[in-house]
Amino acid sequence: MTRQRIIAIGDIHGCAHALDTVIEAIRPTRDDLIIVLGDFIDQGFESRLVVESLIALRERCEFVSLLGNHEEMLLAARSSEPALRYWENCGGARTLSSYRFGGSLEDIPFEHWDFIAECRDWYETDEHLFTHANFDPELPLAKLPDHTLRWELLDPEVVRCHNSGKTAVVGHTEQSDGEVLDLGCVKCIDTACWRYGWLTALDVVSGRTWQASRFGQLREPDEAPVGPTGPLRSVA
C-alpha cells in the first residue's frame, strides 16, 4: 500500500474545536495515515467530543492512536480510588464533566473505553518512529519502559538521534511558544493547545503543518503565536 501522507497529531487535551478544525483542513483520505500521539483527553473541556471525533476519523483514513500518560491515568482510575483522585486532579475532572456535569467513570460509554484501551504504546514506519513522550536512542521501541514512552520529558540539550536512523516524532513536552520543536532527527509537536497555543498536525514526509487554537481558529503559516511564550513546561 502506497500512502499519500503520514500525518502526526500532537496532544489534543480535550480541545474538540481545534481537532475538528485541523481535520477539516487536512481533508483526510483513505490513502492517508494519521497518528494521534496520545493525551487526547483531560485539561480541556471537550474530551467526550474529542473521542467521538477520533472514533469517526477511523472511518476516513488509516488511523493509529497512541496511549499518553493521561489515558494511562484514566485506565488506572478504574481499579483504584487513589488513582482516580490523582487523575481527577490532573485534568480528569474536566473529562468526566464533558460526559455529564459532576459525572463519574460510569458515564463514559463502553465504546470510548474500548477505543482508549486499544491505543498503542508506540508506532513506527520505514523512516519515522512515534511515541507519546520520549525514547531511548539505543533501544528498539518494543524494549522501552512505559515511563519513557508516556512520562519522560524531552530535554533538547541532550537529545540524540535514534540508532535506527529514523526521525522521532513525539508530544508530551509542551512547547509554550506554540511552535514545533524541530531538532532535526527529533520533532516535538505538543504545542500547548489547551492553554493558549495550538494543536499541531505534521505531515512527517513533506514537513507541512496545520495548526488550530482551542477556539477553532486555523493558524496561517506566517501568523504569530498566540498567548505568552516561555520555556518548556512539565505537564503531567
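Start counting the sequence shown at 2; every next residue gets the next number (my numbering). We put the beta carbon where it would ideally sit given N, CA and C, even for glycine. Since we're looking at a predicted model, the values are computed, not measured.
Proximity winner among the options, relative to residue i (alpha-carbon distances)
{"i": "P110", "options": "I13, H18, P83, S48", "result": "S48"}
{"i": "L38", "options": "Q5, K188, K167, T22", "result": "K188"}
{"i": "G92", "options": "P29, L184, R196", "result": "R196"}
{"i": "N164", "options": "H173, C186, W152", "result": "C186"}
{"i": "C16", "options": "L85, G45, F136, E82", "result": "G45"}
{"i": "H173", "options": "A26, L67, S99", "result": "L67"}
{"i": "T201", "options": "D191, G69, C120", "result": "D191"}
{"i": "L55", "options": "D12, L85, A84", "result": "D12"}
{"i": "Y124", "options": "A169, D40, C194, V51", "result": "A169"}
{"i": "L154", "options": "S98, Y100, H71, F136", "result": "F136"}
For residue i, three-class secondary structure by DSSP
{"i": "H148", "result": "helix"}
{"i": "F131", "result": "strand"}
{"i": "T230", "result": "Confidence in T230 is poor, its pLDDT being 34 and thus under 50, which makes the residue's placement unreliable; the coordinate value appears in the next sentence. Reduced to three states, the DSSP call for T230 is coil."}
{"i": "R121", "result": "strand"}
{"i": "I42", "result": "coil"}
{"i": "D1", "result": "Outside the displayed range of the chain (2 to 237) lies residue 1, so it cannot be described from this structure."}
{"i": "R6", "result": "strand"}
{"i": "E47", "result": "coil"}
{"i": "F111", "result": "helix"}
{"i": "F136", "result": "coil"}
{"i": "T126", "result": "coil"}
{"i": "A237", "result": "At A237 the pLDDT is 44, less than 50, meaning the model places this residue with poor confidence and gives no usable figure here."}
CB contact check: residue i to chain D, cutoff 8 Å
{"i": "A19", "result": "Absent from the structure: chain D. Only one protein chain is present."}
Paired residues, beta bridge with residue i - DSSP
{"i": "V37", "result": "I10, S66"}
Distance cut-off 7 Å: residue i Cβ against heavy atoms of the ligand HEM
{"i": "V65", "result": "Absent from the structure shown: the ligand HEM. Ligands present: none."}
Going along the chain, which unbroken runs of the alpha helix (DSSP H) with 4 or more residues stay wholly within the stretch 59-109? For the stretch 59-109, whole alpha helix (DSSP H) runs of length 4 or above, ordered along the chain, are 70-78, 82-88, 94-100.
Between the stretch 53-65 and the stretch 210-221, are three or more C-beta pairs nearer than 8 Å? Proximity of the stretch 53-65 to the stretch 210-221 falls short of the contact definition, fewer than three beta-carbon pairs being nearer than 8 Å.
In chain order, what are the residue ranges of uninterrupted beta strand (DSSP E) at least 3 long that sit wholly in the stretch 151-223? Taking 3 residues as the minimum length, the beta strand (DSSP E) runs contained wholly in the stretch 151-223 are 168-171, 187-189, 200-204, 210-213, in order along the chain.
Using 8 Å as the cut-off, can you tell me whether the stretch 20-38 makes contact with the stretch 61-76, which would need three or more C-beta pairs spanning the two stretches below that distance? With a cut-off of 8 Å, the stretch 61-76 and the stretch 20-38 count as touching, because enough Cβ pairs lie within range.
With three or more beta-carbon pairs closer than 8 Å as the criterion, would you say the stretch 72-81 touches the stretch 92-107? Segment contact: the stretch 72-81 against the stretch 92-107, three or more CB-CB distances shorter than 8 Å; contact assigned.
Assess contact between the stretch 153-169 and the stretch 114-134, defined as three or more Cβ pairs (one per stretch) separated by less than 8 Å. Is contact present? Enough Cβ pairs lie closer than 8 Å, so yes.
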